[in-house]
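To keep things clear, I will list the structure first and then write my remarks on it.
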Amino acid sequence: MKKDVINTAKIKLREGDTVILNVKNKEERKKGKVLSVLRKENKLIVEGMNIRTRHVKPKKQGQESGIIKSEGAIHVSKVNFYCPKCERGVKVGIKISDNGKKTRFCRKCKETIK
Ligand SMILES: [Zn+2]
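Quick note on my numbering: the sequence shown kicks off at 33 and runs consecutively.
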């Protein structure tokens with residue numbers, strides 16, 4: 033029997049969330065805002081993280097050449113939600129209320145995440 037593959041790994045992060053890099057080295061624990069969520073790839077584009085530089089040659093006359101900086105995607109497992117109350121990266125929990133509405137909360141301090 034063939035089953036359809038369902039991707040159960042759900043990304044609990046949304047655009048506009050602040051996330052922090054999940055690394056051992058404290059100095060490398062950068063914070064940034066989620067710019068976009070790539071659900072199919074389980075990846076995020078985070079402001080200021082994983083910056084890639086690209087050199088651009090002018091295509092038309094008069095166009096300037098230069099360097100374009102853009103954020104590369106990072107895997108969702110490499111970041112944690114940053115809770116301003118706990119002042120650290122935390123795990124996000126999801127509560128479903130009686131009316132079926134999903135609310136996210138900080139698993140550490142139980143604060144609701146908007
Ligand atoms: Zn918290």
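All C-beta atoms in this analysis are idealised placements derived from N, C-alpha and C, irrespective of residue type, glycine included.
Could you give the DSSP three-state label for N131: helix, strand or coil? Judged by DSSP in its simplified three-state form, N131 adopts coil rather than helix or strand.
Go ahead and label I106 buried or exposed: buried means 16 or more other beta carbons lie within 10 angstroms of its beta carbon, across all protein chains shown. When all chains shown are included, I106 counts as buried.
Give a single yes or no on whether V111 has its beta carbon closer than 6 Å to a heavy atom of ligand 2. The model on display carries ligand 1 but not ligand 2.
Whole angstroms is fine: what's the gap from K92's alpha carbon to G98's? 13 Å
Spatial neighbours of R46 in its chain, beta-carbon cut-off 7 Å, leaving aside the 5 residues before and after: V66, V69
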